[in-house]
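Written below as structure tokens is the structure these notes are about.
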Amino acid sequence: MRLAPGFGVDEEQLDGRLNARSIQALRDNRTRDANVLAFYSGYLKRLLHGDLGESKTLQRPVSRLVAERLPETLKSVGLGLALGWTAGFLLAVAIVMSRAWYLDLFGSLLVGVLLCLPAAVLALLFVLAQAPARLLLGLVVFPKIFRYSRNLLSRSSALPHVLTARAKGLGNMRVLVWHILPTAAPQLLALLGVTVSVAFTAAIPMEALCDLPGIGQLAWKAALGRDVALLVNLTMIVTLVTLVANSASDVMGKTFRVREA
Amino acid sequence: MKWARTAAIVFLVMVCAACLLANVLAPASYAHQFREEPNASPSRQHLLGTDDLGRDRFARVLYGTRVSLLLAPAAALLSGLLAAFIGGVAGFAGGRVERFVMAGTDLFLSLPWLFLLITVRALLPLNVSPMVSVLITFGMLGCLGWAGAARIICADARALSQSDFILLARASGSSGFRLLWRHLLPNLKPVLYAQFWISVPVFILTEANLGILGLGVAEPLPSWGSLLRELEGFSTITGQSWQFVPLILFILVVSSFHLVLTKEELPV
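Order-wise, the sequence lines are chains A and B.
Note that my numbering has the first sequence beginning at 25, numbered continuously upward.
Note that my numbering has the second sequence beginning at 48, numbered continuously upward.
Next comes the structure, spelled out in structure tokens:
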């Protein structure tokens, strides 16, 4: 990427008011970043001291920008995950337990349409309908949870021990809580980590188009301003959050399996 | 659901044919401005009206569909080839090579998709010609979208390399490249085919996201991203339901791609 045409070139260099020395200073400033090794060793050194560098476009320390905007994104992601999981999981449970074809058809059609809509289009439609933007992440996460949960619960409900439990006259709720959910739980927990990544990804168009001041909007502005330092830091932070969420869901899944065994 | 699959294939063929014949079907070029008719309503001359710059919306939909429908499969092919090479070699070699390659793939997969894309896009020039922007957008999708498929192909290649027919081929003197090319790759075809069809709608959706965010294909060349971006002018859209035609077409095309996949091939 650093060898690609255009890397290290600043539009400021075209400013006619700048003299030759200023333009040279801009060039020197950019060519320092062109050396990958020097860039990353300097970056890691600063990172160890808690310094994430300075945003080129906003002229402010990255750590302060992240501290200001991360809570906003976490709030949206948290709410989106809660909504998506509640709606998706409950609809899947209702379909599997009731075996109603009309519910299944409704769920499949809804999910089919939602899966075909990019998050950015959903964000535009939310703006159009003047709907609360934070609900959008719920709509992005919902189809993935619904489809996975329905498949998983359908498979679990067809297992021999569940059929036996039904044949012995156990009620729907008892079969669900004691026989279906324990079988499906480890795999459902594994999905938790994946949905965190999906929600963070969808936060970019949501915040950019619905004007929410989170790290998604910050990343978008940084991309338009080619603020690589800010973008790399934001990507690293989101990756870290995703890795923590994935590890936590893995640990929870394993703990559950051990307890079940 | 065989009928739905057939209907989806027929619909995709029709859309592809229409956009390939855009030069014939469209009343004007996608960039031609009818300056005396900006924001015109649908008429015989302009089937879907014109946009705020007076460009024929039907022509832009046809050309935009052509860009997205030709280049998303091209990007899917590129990512499929990369995945086949990386996953196939890792699965076939096994041991340390596989562990090393798959650790790299896992690391790559943990990077959030859109964050990774906009970071790479920001590293590349933004003010470029429309043609270069198309190549950058879809090239980037093809080069970065291999990781998920590589994991699946690696698992399949590993299973195949331990199978009886590979053992027999080894015993008959086949080794290295010949074993990979003549015996392993043909048997990976179904999974490669499925990964290709899974990637196409993913890339179409991603291009639309990038386009709406202003990081995709540059104007005046249309793509689905730039066509859907028109929804941004929400204050003028009220009462102009024909402006939703690109969105409806988009949903129909992406859902057709989903329907082409059988239940077993669908991603979770």
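We treat Cβ as the ideally placed atom computed from N, Cα and C, and that holds for glycine.
Interface flag, proline 259(B) vs chain A, CB-CB below 9 Å: Per the sequence presented here, residue 259(B) reads as isoleucine, with proline not at that position. So yes, isoleucine 259(B) belongs to the interface.
Glycine 136(A) at chain B interface by Cβ criterion, 9 Å: Yes, its Cβ sits closer than 9 Å to a Cβ of chain B.
Proximity test, arginine 51(A) beta-carbon vs the ligand FAD heavy atom, cut-off 8 Å: Among the components modelled here there is no ligand, and therefore nothing to report on the ligand FAD.
Simplified DSSP assignment, three categories, for threonine 81(A): Coil.
Alpha helix (DSSP H) segment containing leucine 125(B), residue limits: For leucine 125(B), the enclosing alpha helix (DSSP H) covers residues 104-140.
Closest by C-alpha distance to lysine 288(A), when choosing among Gly104(A), Ile228(A), Leu68(A), Gly193(A): The structure shown does not extend to residue 288(A), since chain A is modelled only from 25 to 285, so the question has no answer here.
Residues near cysteine 356(B) by beta carbon distance below 7 Å, same chain, minus five either side: Beyond the ends of chain B as shown, which are 48 and 315, falls residue 356(B); an answer cannot be given.
Pick from Phe155(B), Gly134(B), Glu254(B) that is closest to alanine 196(B), judged by C-alpha positions: Taking only the C-alpha atoms, the option nearest alanine 196(B) is Gly134(B).
Complete alpha helix (DSSP H) runs within the region 118-157 of chain A (minimum length 4 residues, chain order): Within the region 118-157 of chain A, the complete alpha helix (DSSP H) runs of at least 4 residues are 125-139, 143-153.
Residue-chain proximity (asparagine 270(A), chain B), Cβ-Cβ < 9 Å: It does; some Cβ of chain B falls within 9 Å.
The region 156-166 of chain B / the region 247-257 of chain A touching (three or more Cβ pairs under 8 Å): Taking 8 Å as the limit for Cβ pairs, the verdict is that the region 247-257 of chain A does touch the region 156-166 of chain B.
C-alpha distance - valine 315(B) paired with alanine 123(B), whole-angstrom precision: Any answer about valine 315(B) is weak, because its pLDDT of 47 lies below 50 and its placement is not dependable; what the coordinates show is given next. Cα-Cα distance, rounded: 19 Å.
Entirely enclosed alpha helix (DSSP H) segments - the region 181-237 of chain B, minimum 4 residues: With a minimum length of 4 residues, the continuous alpha helix (DSSP H) runs that stay inside the region 181-237 of chain B are 194-208, 211-218.
Contacting positions in the region 166-180 of chain A - beta carbon closer than 8 Å to chain B: Using a CB distance below 8 Å, the part of the region 166-180 of chain A facing chain B consists of Lys168, Arg171, Tyr172, Asn175, ordered along the chain.
Contact list for arginine 168(B) against chain A, beta-carbon separation under 7 Å: Those are Ala247, listed as they occur along chain A.
Neighbour flag for valine 315(B) against chain A, beta carbons, 9 Å: The pLDDT assigned to valine 315(B) is 47, lower than 50, so where the model puts this residue is not dependable, and the model offers no usable value.
Test: alanine 226(A) CB closer than 9 Å to a CB of chain B: Using beta-carbon distances, alanine 226(A) counts as an interface residue toward chain B, with a partner under 9 Å.
C-beta neighbour in chain A for tryptophan 244(B), strict 9 Å: So no, tryptophan 244(B) is outside the interface.
Under 9 Å between C-beta atoms of leucine 242(A) and leucine 89(A): In this structure, leucine 89(A) lies closer than 9 Å to leucine 242(A) by Cβ.
Touch test, the region 126-140 of chain A against the region 61-78 of chain A, Cβ-Cβ under 8 Å, three pairs minimum: Segments in contact, no.
Selected residue, minimal CA-CA separation from methionine 149(B), among Pro172(B), Trp193(B), Arg225(B): Comparing Cα positions, the closest option is Trp193(B).
Closest by C-alpha distance to leucine 158(B), when choosing among Arg41(A), Leu183(A), Arg283(A), Val265(A): The option with the nearest alpha carbon to leucine 158(B) is Val265(A).
Cutoff 9 Å: proline 237(A) Cβ touching any chain B Cβ: Output row for proline 237(A): interface = no.
Among Trp50(B), Leu214(B), Arg205(B), nearest to glycine 141(B) - alpha-carbon criterion: Nearest of Trp50(B), Leu214(B), Arg205(B) to glycine 141(B), Cα basis: Arg205(B).
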